[in-house]
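Those letters in the sequence shown? Residues 312 to 624, by this note's numbering.
Working notes, beginning with the structure itself.
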Amino acid sequence: MARHITLASANTMRISARHGDPALTTAEQMFEMLTVGTAQVWSDRPDLVLFPENCDIPNNYNYADRIAYITERGSYVADRLGEIARERNCWIAYPTCWVFADGTIGNIVHMIDRRGQIAATYQKNYLTLDEYRQGKMLFGDAPILVETDFATVSPIICFDLTYKELRDAVAALEPELILYPSAAHGGLMQQQWALDTGAWLLTSIPNQSSGIVNPLGEEVAMSTNYRPWITATVNIDCAVVHYGYYQAKLIKLKKDLGPDVTVHDPGRIGLVLVTSNCDRSAKDLLKEYEIPTFREYYRMNTEERRLGTWHKP
């Protein structure tokens, strides 16, 4: 059935801090920056707000400064963002550096739920060399799937985007939404992740266009140089379908259901996005019309190749 969710990207700019200030004084300044950055999104009542990577870390801190700061800061910013999540009845994805109870350090995303509690934490799987060597951070060991009240969500962080191994592992979890807070844009790799996983992608990157990419790799809502934030409502009850052999069935599906289903063709890639606008899920509609999803189609073709007759010229 149609499932409309409202997503927000607040690609706030990290600011400098004065060396020698107490960590909580600096943390308060960082928190105020984040609240200013989200001021424009609340009128749309988002289900989730995403901040950029290391969103509350001063931009003039070296790794030694950073370690000292996050050790003293503790959960201060997380607690304050939790208050906002409760007040606004939304989820907040809070990317930062974190000192865990055992003393280890990670580049993480805390998923703060509508009650203001940390519901899940993702730790960056592919650190940069400086993060590992100078920042004393440890690598995360696996992607995660977060069951929210609006979608299944997998966060990744910045350099993670580069690694096919992680993309395959995330795809195996079959998330509906991927979060990408980062310090770097990633270019075409954003589209590649959306296409390969069949998921929506929400990004937040300072000084860069940020926003929402659909499962076909199309940008559907983006921030600008004038507006460093976006909110948009999308229908995530959808499925990617390959055109091969199924054009007639897709035409019949649309003819029978009319406005209750959308079949969106971006052209050139042989894929369409089928979206349910009614009280039945997109996958149920495809099953009724005997149309496989692209993931199912891919698996069928892969299996045929495995079982087929091979030829070596």
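Just so it is clear, CB atoms sit at the ideal spot from N, CA and C, and this is done for glycine as well.
In this text the structure is predicted, and so the values were computed from the model without any measurement.
- In the DSSP assignment, N612 falls within the unbroken alpha helix (DSSP H) covering F605 to L618.
- The three-state reading of DSSP puts G497 in coil, since its state is none of H, G, I, E or B.
- In this structure E442 is not in contact with T463, their Cβ atoms being roughly 28 Å apart against a cut-off of 8 Å.
- Counting of Cβ neighbours within 10 angstroms places K566 among the exposed residues, the total staying below 16.
- When the five nearest sequence neighbours on each side are left out, the beta carbons in the same chain lying within less than 7 Å of the beta carbon of H496 are those of I516 and Q519, in order along the chain.
- Spatial neighbours of E364 in its own chain (CB-CB distance under 7 Å, excluding positions within 5 residues in sequence) are listed in chain order as P406, I468, C469, P492, S493 and A494.
- Residue state for S354 is assigned as helix, using DSSP reduced to three classes.
- The beta carbons of C401 and R425 sit about 6 Å from each other, so the pair counts as a contact at 8 Å.
- The alpha-carbon separation between D460 and R391 amounts to approximately 22 Å.
- With a cut-off of 8 Å on Cβ pairs, the stretch 549–560 is in contact with the stretch 586–602, counting three or more such pairs.
- Assigned with DSSP and collapsed to three states, A375 falls in helix.
- Counting the other CB atoms within 10 Å of its CB gives T337 a total of 16 or more, which places it among the buried residues.
- Annotation: the continuous alpha helix (DSSP H) that includes A482 extends over K475 to L484.
- Taken atom to atom, the span from the alpha-carbon of L490 to that of A430 is near 15 Å.
- Of all alpha-carbon atoms in T620, K560, E529 and W621, the one lying nearest the alpha-carbon of R579 is that of E529.
- Closest in C-alpha terms to L561, from the list V545, N546, V583 and P570, comes V583.
- Here H575 is bridged, per DSSP, to L584.
- DSSP lists T586 as the bridge partner or partners of C549.
- Apart from sequence neighbours up to five positions away, the residues of its chain that approach I423 with a beta-carbon distance below 8 Å are A389, L392, G393, A396, W402, I403, A404, Y405, I429 and A430, ordered along the chain.
- For G522, the enclosing beta strand (DSSP E) stretches over residues G522 to V524.
- Using a Cβ distance threshold of 8 Å, Y433 and L477 do not count as a contacting pair.
- Residue environment: S320 is assigned as buried (16 or more neighbouring CB atoms within 10 Å of its CB, all protein chains considered).
- A distance of 8 Å or more separates the beta carbons of L361 and L472.
- Exposure of F450 is indicated by the presence of fewer than 16 other C-beta atoms within 10 angstroms of its C-beta.
- Excluding five sequence positions before and after P454, the CB atoms of its chain that fall closer than 8 Å to its own CB belong to Y433, N436, S465, I467, L477, A480, V481 and L484, given in chain order.
- When the alpha-carbon of I416 is set against those of Q503, R399, I378 and L440, the nearest one is in I378.
- In chain order, V583 place their CB closer than 7 Å to the CB of D576, counting only its own chain and leaving out the 5 sequence neighbours on each side.
- In the structure shown, L318 adopts extended strand secondary structure according to DSSP, grouped into three states.
- One alpha carbon belongs to P526, the other to E339, and they sit about 37 Å apart.
- With contacts defined as CB atoms closer than 8 Å, Y608 and K563 fail to qualify as a contacting pair.
- N370 is not a Cβ neighbour of R399, given a cutoff of 8 Å.
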